[in-house]
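Protein chains in written order, with my numbering: chain B, 2 to 133; chain L, 84 to 173. Beta carbons: idealized from backbone N, C-alpha and C, even for Gly. Bear in mind that the values here come from a model prediction, so they are computed numbers and not experimental data. For reference, the structure discussed in these notes is given below.
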Amino acid sequence: MTTLSISRQLLAEIVTHCREVYPCEACGILAGKNNVVQKIYRMTNIEKSGVSYFMDPKEQFAVMKEMREEGLEMTAVYHSHPHADACPSQKDVSLAFYDDAYYLIVSLIHESPLIKAFTIKEGMVKEVEIVT
Amino acid sequence: MAVKVRIPTPLQKLTNGQDEVETEAGTVMSLINNLDKQFPGIGERISEGGKVRRFINIYLNDEDIRFLRNEETEIKDGDEVSIVPAIAGG
Chain B
2 MTTLSISRQL
12 LAEIVTHCRE
22 VYPCEACGIL
32 AGKNNVVQKI
42 YRMTNIEKSG
52 VSYFMDPKEQ
62 FAVMKEMREE
72 GLEMTAVYHS
82 HPHADACPSQ
92 KDVSLAFYDD
102 AYYLIVSLIH
112 ESPLIKAFTI
122 KEGMVKEVEI
132 VT
Chain L
84 MAVKVRIPTP
94 LQKLTNGQDE
104 VETEAGTVMS
114 LINNLDKQFP
124 GIGERISEGG
134 KVRRFINIYL
144 NDEDIRFLRN
154 EETEIKDGDE
164 VSIVPAIAGG
């Protein structure tokens, strides 16, 4: 298994987003190439819930179009767990349609945010190393 | 002329890796049925019982079909259809 490469600055931006929408879940798309994240897109969680997220479909469509035009891939999807640990929930596993992307989860229950990345393929979850 | 359909990465296994395919004009539902004839198995990933699945978004050009006429939305030659699985979880 390969690793997910993302700069400390982008990780900090993700954490800022997650804290800003707390106690709701934050979600976003990480665009890049060859498992290296280059760009972060903050997305709207239309469910505005602390236990689930659903990315605004219109924003998602626009971002996917922009990534395609810029020659970028959807390297990863991130979301926060404001009240749970940094591992995929049952819902995360059953709704992980993009099995080529990494799923990054930010848990806010610890003293400092805990970030972990996973692949979720056909119900199988594997943790992936994050390289900064 | 035909209709261009953008296939999302999770469904490209069913289209032999193609990210764009062509099919005939018609309603959204007839387009899904035509796609399923060309690429068996893709239909049930997109729809169930004649309805587009809840976690699948379909766009006609830049418009979500839910804001048009849903499964009855007419697609003409030259249009572009995008199939976009939702990103959601808990």
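task: Note down, in chain order, all residues in the segment 62-82 of chain B with a beta-carbon under 7 Å from any beta-carbon belonging to chain L.
output: Of all residues in the segment 62-82 of chain B, F62, M65, V78 and H80 have a Cβ within less than 7 Å of some Cβ in chain L.
message: Please report the straight-line C-alpha distance between E127 (chain L) and L12 (chain B), rounded to a whole angstrom.
response: When the Cα atoms are used, E127 (chain L) and L12 (chain B) turn out to be separated by approximately 37 Å.
field: Partners in chain L for V52 (chain B), counting only beta-carbon separations shorter than 7 Å
entry: Close partners of V52 (chain B) in chain L (Cβ separation under 7 Å): G173.
field: Neighbour list for Y99 (chain B) in chain L, Cβ cutoff strictly below 9 Å
entry: What Y99 (chain B) touches in chain L: P91, T92, P93, P168 and I170.
G124 (chain L) versus N116 (chain L): straight-line alpha-carbon distance, rounded: Each residue's alpha carbon lies about 10 Å from the other.
message: To test your reading of the DSSP string, which unbroken alpha helix (DSSP H) runs of 4 or more residues are found completely within the segment 51-76 of chain B?
response: Those alpha helix (DSSP H) runs which fall completely within the segment 51-76 of chain B and span 4+ residues are 58-70.
query: Taking any Cβ of chain B, which residues in the segment 136-164 of chain L have a Cβ under 7 Å from it, in chain order?
result: Sequence-ordered contacts of the segment 136-164 of chain L with chain B read F138, N140, Y142 and D147 [C-beta pairs closer than 7 Å].
- prompt: Listing by chain order, which chain L residues have their CB less than 7 Å from the CB of D93 (chain B)?
  reply: Near D93 (chain B) (Cβ distances below 7 Å), the residues of chain L are G172 and G173.
- request: Tell me whether A118 (chain B) is buried or exposed, calling it buried when 16 or more other Cβ atoms sit within 10 Å of its Cβ.
  value: By the neighbour-count definition (other C-beta atoms within 10 Å, threshold 16), A118 (chain B) is a buried residue.
field: C-alpha distance - E154 (chain L) paired with I148 (chain L), whole-angstrom precision
entry: One C-alpha to the other measures close to 7 Å.
field: I116 (chain B) to V129 (chain B) span [Cα, whole Å]
entry: The alpha-carbon atoms of I116 (chain B) and V129 (chain B) are separated by roughly 11 Å.
message: Going by beta-carbon coordinates alone, are L73 (chain B) and G33 (chain B) separated by less than 8 Å?
response: Yes, the pair counts as a contact, with Cβ atoms nearer than the cut-off.
Minimum C-alpha distance to G132 (chain L) - residue among L:K159, L:M112 and L:L118: Ranking the options by Cα distance to G132 (chain L), first place goes to L:M112.
- request: Name, going along the chain, the residues of the segment 100-130 of chain B whose beta-carbon falls closer than 7 Å to a beta-carbon of chain L.
  value: The residues in question are D100 and D101.
- request: Provide the residue span of the beta strand (DSSP E) that contains C28 (chain B), from first to last.
  value: Boundaries of the beta strand (DSSP E) around C28 (chain B): C28 to K34.
- request: Using a Cβ-Cβ cut-off of 8 Å, state whether K40 (chain B) counts as contacting chain L.
  value: Not an interface residue.
field: For G124 (chain B): DSSP bridge partner residues
entry: Beta-bridge pairing links G124 (chain B) to no other residue.
V107 (chain B) versus E107 (chain L) - alpha carbon distance: Looking at the two C-alpha atoms, the distance is approximately 44 Å.
field: Backbone CA spacing between T92 (chain L) and D86 (chain B) [nearest angstrom]
entry: The straight-line gap separating the alpha-carbon atoms of T92 (chain L) and D86 (chain B) is approximately 29 Å.
field: Residue range of the beta strand (DSSP E) that includes K96 (chain L)
entry: That residue, K96 (chain L), is in no beta strand (DSSP E); it is neither H nor E in DSSP.
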